[in-house]
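In my numbering, the protein residues as written are 79 to 237.
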């Protein structure tokens with residue numbers, strides 16, 4: 079019984095490791111001349127926007143981890159009962175092993191979904207910050223004119 083309790087505690091801690099993104103994993107810089115207080119406000123607005131964009135993916139990751147752990151425990155208990163010929167010791171051991179295996183599979187599946195959620199979060203955050211005129215890696219700050227600025231900062235007039 080102690081093994082089963084220990085295994086259940088271990089599995090619950092594994093499944094609990096799956097979480098929604100808590101922030102961006104990319105660096106965004108304010109455009110030149112933008113007050114830092116304004117940049118901080120935009121950062122908070124875009125974090126909320128990105129969090130809302132990935133709620134469904136994050137919830138799926140949590141659900142997948144818990145479901146796999148429960149299914150693994152049930153299958154392990156059934157296998158323990160069949161192998162042990164109905165002995166209570168073997169059922170408990172089978173359930174513990176099944177719970178551990180189910181949680182491991184659930185954690186792997188949930189980890190993939192968690193990575194997907196972080197990627198989606200970063201993209202939504204980048205889009206929001208770019209739309210507010212900030213410098214996004216590989217994109218720079220959006221210009222207000224239709225033509226790109228020349229190297230000296232003035233706009234090229236094309237006729």
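All C-beta atoms, glycine included, are put in the ideal place defined by N, C-alpha and C.
Item: If distances are taken between C-alpha atoms only, which option among 105, 182 and 99 comes closest to residue 131?; Value: 99
Item: Which same chain residues end up closer than 6 Å to residue 120 when comparing Cβ atoms and leaving out the 5 residues on each side of it in sequence?; Value: 210
Item: Taking all protein chains shown into account, decide if residue 231 is buried (16 or more other Cβ within 10 angstroms of its Cβ) or exposed.; Value: With a pLDDT of only 49 at residue 231, under the threshold of 50, the placement of this residue in the model should not be trusted, and no figure is reported.
Item: For residue 132, name the three-state secondary structure that DSSP assigns.; Value: coil
Item: Classify residue 258 as buried or exposed, calling it buried when 16 or more other Cβ atoms lie within 10 Å of its own Cβ.; Value: This structure cannot speak to residue 258, because the chain is shown only from 79 to 237.
Item: Measuring alpha carbon to alpha carbon, tell me which residue in 182, 189 and 153 is nearest residue 172.; Value: 153
Item: Just verifying my parser: in three-state terms, what is the DSSP assignment at residue 232?; Value: Residue confidence is low: residue 232 scores 47 on pLDDT, short of 50, so the model does not pin down where it sits. No coordinate-derived value is stated.
Item: Under a Cβ-count criterion, where at least 16 other Cβ atoms within 10 Å of its own Cβ denotes burial, should residue 191 be classed as buried or exposed?; Value: buried
Item: Can you say whether residue 214 is buried or exposed, counting buried as having 16 or more other CB atoms within 10 angstroms of its CB?; Value: buried
Item: So, at 8 Å on beta carbons, what are the nonlocal neighbours of residue 129 in its own chain, with the 5 sequence-adjacent residues on each side left out?; Value: 98, 99 and 199
Item: Within this structure, are the beta carbons of residue 212 and residue 114 separated by less than 8 Å?; Value: no
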